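For reference, the structure is listed below as structure tokens.
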Amino acid sequence: MSKELIRLRDLCMAYDDELVLDHLNLYINDKEFLTLLGPSGCGKTTTLRIIGGFSTPASGDVLFDGVRINDVPPYQRQINTVFQKYALFPHLNVFENIAFGLRMQRRSDPKDPKRKGKLSEEEIRERVMEMLEVISLKGFENRKPDALSGGQQQRVAIARALVNRPKVLLLDEPLGALDLKLRKDMQIELKRIQQQVGITFIYVTHDQEEALTMSDTIVVMDKGTIQQIGTPEDIYNEPKNAFVADFIGESNIIDGIMVRDNLVQMYGRQFPCLDGGFGENEPVDVVIRPEDIDIVPLEQGQLTGTVTGVTFKGMQYDIIVDFRGFKWLIQTTDHSPVGAKIGIKIDPDGIHVMKKSVYSGMYGDYSSFSDAYDELDDAEAGEDEDET
Amino acid sequence: MKRKLSLFAIPYVIWMAIFVVAPVILVVLYAFSSKHGFTLDNFARMGTYAVVFGRSFKLALIATVVCLAIGYPVSCMMSREGPRFQRIAMVLIMLPMWMNFLLRTYSWMAILENNGLLNQLFQKIGLIDLWNQLFGTNLTFFPMMNTQGAVVLGMVYNYLPFMILPIYSVIIKLDPSLLEAARDLGADSVNVFRRVILPLSLPGVLSGVTMVFVPSVSTFAISTMLGGGTRILLGDLIEQQFTGGAYNPYLGAAIALVMMVIVVLCMWVMNHFGEGEEQAVML
Chain A
0 MSKELIRLRD LCMAYDDELV LDHLNLYIND KEFLTLLGPS GCGKTTTLRI IGGFSTPASG
60 DVLFDGVRIN DVPPYQRQIN TVFQKYALFP HLNVFENIAF GLRMQRRSDP KDPKRKGKLS
120 EEEIRERVME MLEVISLKGF ENRKPDALSG GQQQRVAIAR ALVNRPKVLL LDEPLGALDL
180 KLRKDMQIEL KRIQQQVGIT FIYVTHDQEE ALTMSDTIVV MDKGTIQQIG TPEDIYNEPK
240 NAFVADFIGE SNIIDGIMVR DNLVQMYGRQ FPCLDGGFGE NEPVDVVIRP EDIDIVPLEQ
300 GQLTGTVTGV TFKGMQYDII VDFRGFKWLI QTTDHSPVGA KIGIKIDPDG IHVMKKSVYS
360 GMYGDYSSFS DAYDELDDAE AGEDEDET
Chain B
0 MKRKLSLFAI PYVIWMAIFV VAPVILVVLY AFSSKHGFTL DNFARMGTYA VVFGRSFKLA
60 LIATVVCLAI GYPVSCMMSR EGPRFQRIAM VLIMLPMWMN FLLRTYSWMA ILENNGLLNQ
120 LFQKIGLIDL WNQLFGTNLT FFPMMNTQGA VVLGMVYNYL PFMILPIYSV IIKLDPSLLE
180 AARDLGADSV NVFRRVILPL SLPGVLSGVT MVFVPSVSTF AISTMLGGGT RILLGDLIEQ
240 QFTGGAYNPY LGAAIALVMM VIVVLCMWVM NHFGEGEEQA VML
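Going down the list, the protein sequences come from chains A and B. Counted the way numbering that gives the first Met the number 0 counts, the first sequence spans residues 0 to 387. Counted the way numbering that gives the first Met the number 0 counts, the second sequence spans residues 0 to 282.
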């Protein structure tokens with residue numbers, strides 16, 4: 000798990016004078032499920048295309064197993080790709096689609112230097128059938144792609160890439176075209192396949208939930224730079240700045256002052272917390288997740304505010320509470336009517352303090368929340384919001 | 000498929016009935032009759048014209064192959080250029096079609112004549128002298144007019160756009176990620192072409208071949224103007240039955256019918272050759 004497989008060194012890339020990648024540095028471990036997460040235009044797809052060999056970086060190096068592969072064409076890399084819209088060959092049936100890569104293997108094959116000569120027809124048949132088993136599509140080998148559902152096409156695309164036994168599989172928003180239910184099933188399916196074949200998956204998405212569900216490591220990107228690298232837990236619990244906090248899950252982000260270690264001041268009140276290492280009285284961003292806030296009777300509250308909106312979400316209520324003009328999102332199982340005055344209490348471990356960054360003040364206020372709320376669940380709309 | 004015909008389809012149906020179905024029925028009726036009523040005589044005389052049939056199909060086939068050999072690479076190259084180049088190239092390809100067909104063919108006569116543009120050019124650059132020295136001949140010009148080559152040239156020139164357009168429009172619509180996928184799976188450029196581009200552009204090739212072959216078979220005027228008129232083609236033969244001294248519309252209809260049947264058979268065979276997947280546009 001810890002062996003380094005790919006290293007991106009100081010990658011820069013520009014389209015039409017617009018910097019898409021800004022001195023990107025990243026290493027990727029063997030057998031890791033790594034997700035590049037960010038809004039559209041953040042450079043994640045460009046990074047993937049550079050690893051796959053479809054784009055050449057303006058400057059910087061791509062190292063594979065310690066060897067520079069900038070100029071190695073895609074067909075000589077031990078890397079295969081699952082394309083966004085599957086890109087299955089419409090004139091070939093499922094079997095031939097999956098067999099395509101195997102039929103392309105030639106003498107002195109760089110993907111398998113030990114093998115001499117072409118694969119025999121039986122070998123191809125065996126390996127395709129094995130893949131059909133992995134993706135649970137046995138019996139579909141004679142179908143044409145257009146006779147398959149979106150989810151089935153997706154799995155064929157994965158099989159077509161995996162049958163070549165690459166060391167790395169690149170996936171470019173592969174679940175984007177599927178409906179919600181299927182997407183959730185495929186997330187689990189993908190993770191299972193990755194563990195079964197035991198290779199590195201590099202996954203590109205703008206869907207934070209997808210990233211949290213499947214990844215070993217998440218790389219959050221914005222404007223061509225990496226904002227944070229970490230495990231899903233790290234990224235969610237310890238976001239580095241307001242952008243990450245807002246992009247991953249829901250966050251209330253409040254201006255605060257770090258009085259001293261383990262004590263932060265918001266709204267003129269002091270709250271105990273678990274963070275430290277800041278300067279005395281340093282201005283900070285404070286992240287409070289909606290589910291970490293307890294509603295208590297007014298007189299027991301650390302803060303008091305007025306409920307301005309309530310949405311029933313099945314498992315919980317999403318309520319919007321106005322604290323002196325700044326609107327918070329609180330997720331609770333107790334119903335509070337609009338107009339009610341409530342008190343809130345936040346445990347020290349529910350408070351996360353971040354250094355100020357260029358993103359400070361841009362996110363974390365839910366004033367426009369009720370208007371756009373339903374769209375927030377939709378990844379596309381969420382993405383648009385993040386770009387503005 | 001809708002079971003009921005849409006209201007909006009009615010004008011189309013009427014159009015087809017008047018201008019397609021009715022003429023075909025008339026041709027069939029004429030072919031099986033003479034001034035005195037029903038007869039099979041027209042078809043009995045068909046053997047006389049076997050040579051013309053053979054020549055027409057041979058020249059049309061050659062013209063189609065030449066069009067394909069030129070049109071396919073041109074379409075491929077065009078699709079790789081920028082949108083601006085593609086627009087200009089498209090206009091250049093279409094431009095000759097906006098001029099009258101006879102005018103274009105007359106221009107070729109001026110170009111190919113014994114003292115025409117090309118021969119004057121060859122004399123100027125000494126190509127003819129060189130030829131005479133190399134082969135011991137004594138030419139003052141290359142005889143290009145009144146040859147079957149000139150006829151094929153005329154056909155290719157006139158029908159080439161009909162080959163380029165369908166192939167180009169199929170290739171331009173190929174999803175670039177298909178080509179990337181093929182490269183990703185280990186195909187070099189030869190294999191990307193052979194295993195992805197070529198099979199996926201076959202529907203365009205089929206309709207291009209149809210659109211060149213069919214009018215080439217029935218072409219007329221070109222052979223008279225560029226071929227000297229001694230070795231006539233089917234189109235000329237049919238024309239003679241309607242306008243010439245040998246006025247015989249019944250025979251003309253019969254020849255047209257036989258030609259139509261052969262062409263339809265050719266197309267049918269070809270479409271099944273392409274696995275019958277996407278049917279070429281029949282015109």
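The beta-carbon is built from N, C-alpha and C at its ideal position, and this holds for glycine as well. Owing to the predicted nature of the structure, the values given are computational and were not obtained by experimental measurement.
Short check: CB of residue i to CB of residue j, under 8 angstroms?
i: A:Glu3; j: A:Asn24; result: no
i: B:Pro95; j: B:Arg83; result: no
i: A:Asp291; j: A:Tyr362; result: no
i: A:Pro238; j: A:Met103; result: no
i: A:Leu147; j: A:Ala160; result: no
i: A:Gly308; j: A:Val285; result: no
i: A:Glu249; j: A:Pro282; result: no
i: B:Asp183; j: A:Gly51; result: yes
i: B:Trp107; j: B:Gly153; result: yes
i: A:Leu35; j: A:Ile201; result: yes
i: B:Gln240; j: B:Gly227; result: no
i: B:Leu58; j: B:Val191; result: no
i: B:Ile163; j: B:Ile92; result: yes
i: B:Leu101; j: B:Met143; result: no
Between which two residues does the beta strand (DSSP E) containing residue i stretch?
i: A:Thr204; result: 199-204
i: A:Asn28; result: 17-28
i: A:Asn240; result: Looking at the DSSP string, A:Asn240 is not in any beta strand (DSSP E), and its letter there is neither H nor E.
i: A:Lys395; result: This structure cannot settle anything about residue 395 of chain A, because the visible part of chain A is limited to 0 through 387.
i: A:Met185; result: Counting along the chain, A:Met185 falls outside any beta strand (DSSP E), though it belongs to the alpha helix (DSSP H) covering 179-196.
i: A:Met353; result: 350-354
i: B:Leu197; result: Unbroken run through B:Leu197 is the alpha helix (DSSP H), 197-216; no beta strand (DSSP E).
For residue i, which option in the options has the closest C-alpha, if you only look at C-alpha atoms?
i: A:Glu410; options: A:Asn163, A:Asn96, A:Val286; result: The shown model of chain A, from 0 to 387, leaves out residue 410 of chain A, and the question about it has no answer.
i: A:Thr305; options: A:Gly313, A:Ile294, A:Asp321; result: A:Asp321
i: A:Thr204; options: A:Asp21, A:Ser214, A:Gly197; result: A:Ser214
i: B:Glu80; options: B:Gly243, B:Met224, B:Ile170; result: B:Ile170
i: A:Glu212; options: A:Asn92, A:Ile247, A:Val337; result: A quick correction: the sequence has Thr, not Glu, at residue 212 of chain A. When each option's Cα is compared against that of A:Thr212, the closest is A:Ile247.
i: B:Tyr156; options: B:Ile61, B:Val262, B:Phe18; result: B:Ile61
i: A:Pro89; options: B:Ser217, B:Leu205, B:Ala180, B:Gly185; result: B:Ala180
i: B:Tyr249; options: B:Phe37, B:Asn137, B:Val50; result: B:Phe37
i: A:Thr216; options: A:Pro231, A:Cys272, A:Lys222; result: A:Pro231
i: A:Leu177; options: A:Lys166, A:Thr199, A:Glu209, A:Pro165; result: A:Glu209
i: A:Thr80; options: A:Tyr316, A:Arg154, A:Tyr358, A:Gly149; result: A:Arg154
i: B:Ala30; options: B:Met45, B:Met76, B:Val208; result: B:Met45
i: A:Ile5; options: A:Ser58, A:Ile49, A:Asp64; result: A:Asp64
i: A:Lys389; options: A:Ser356, A:Val218, A:Pro347, A:Ile157; result: Because chain A here runs from 0 to 387, residue 389 of chain A falls outside it and cannot be looked at.
i: A:Gly11; options: A:Asn163, A:Lys222, A:Thr310; result: Note that residue 11 of chain A is Cys in the sequence shown here, rather than Gly. Of A:Asn163, A:Lys222, A:Thr310, the residue nearest in Cα terms is A:Lys222.
i: A:Lys340; options: A:Thr332, A:Gln299, A:Thr310; result: A:Gln299
i: A:Glu279; options: A:Ile78, A:Asn261, A:Tyr266; result: A:Asn261
i: B:Thr146; options: B:Arg54, B:Met269, B:Ser206; result: B:Arg54
At what residues does the alpha helix (DSSP H) containing residue i begin and finish?
i: A:Met265; result: No alpha helix (DSSP H) holds A:Met265; the beta strand (DSSP E) holding it covers 262-265.
i: A:Glu281; result: Here A:Glu281 belongs to no alpha helix (DSSP H); instead the beta strand (DSSP E) covers 281-287.
i: B:Trp14; result: 9-15
i: A:Ala162; result: The displayed chain sequence assigns Val, not Ala, to residue 162 of chain A. That residue, A:Val162, is in no alpha helix (DSSP H); it is neither H nor E in DSSP.
i: B:Gln119; result: 116-123
i: A:Val127; result: 120-133
i: A:Lys326; result: Where A:Lys326 is concerned, there is no enclosing alpha helix (DSSP H), although the beta strand (DSSP E) it sits in stretches over 325-331.
i: B:Val191; result: 188-191
i: B:Tyr167; result: 147-171
i: B:Asp40; result: 40-43
Is residue i near the ligand SAH, in the sense that its beta carbon is under 7 angstroms from a heavy atom of that ligand?
i: A:Leu273; result: As far as ligands go, the structure on display features none, and thus does not contain the ligand SAH.
If we count Cβ pairs, one from each stretch, closer than 8 angstroms, do we get three or more for the segment 296-304 of chain A versus the segment 313-328 of chain A?
-> The answer is yes - the segment 313-328 of chain A touches the segment 296-304 of chain A, with three or more Cβ pairs under 8 angstroms.
Meets three-Cβ-pair contact criterion under 8 angstroms: the segment 220-233 of chain A and the segment 186-198 of chain A | no
Mind checking the segment 165-187 of chain B against chain A and listing, in chain order, the residues whose C-beta falls within less than 8 angstroms of any C-beta there?
-> Asp174, Ser176, Leu177, Glu179, Ala180, Ala181, Arg182, Asp183, Leu184, Gly185, Ala186, Asp187
Mind listing which residues of the segment 190-202 of chain B have their C-beta closer than 7 angstroms to chain A's C-betas, in chain order?
-> Asn190, Val195, Pro198, Leu199
How about the segment 212-223 of chain B and the segment 132-146 of chain A: do they share at least three Cβ pairs that are nearer than 8 angstroms?
-> no
Touch check for the segment 200-211 of chain B and the segment 235-242 of chain B: three-plus C-beta pairs under 8 angstroms?
-> no
Using 8 angstroms as the Cβ pair cut-off and three pairs as the minimum, do the segment 99-113 of chain B and the segment 128-137 of chain B touch?
-> no
Interface positions of the segment 127-160 of chain A facing chain B (Cβ-Cβ less than 8 angstroms), listed along the chain | Arg159, Ala160
Determine contact between the segment 342-356 of chain A and the segment 271-278 of chain A, defined as no fewer than three beta-carbon pairs at a distance below 8 angstroms.
-> yes
Mind listing which residues of the segment 25-41 of chain A have their C-beta closer than 8 angstroms to chain B's C-betas, in chain order?
-> none
Determine which residues of the segment 48-61 of chain A have a Cβ less than 7 angstroms from any Cβ of chain B, and write them out in chain order.
-> Gly51, Phe53
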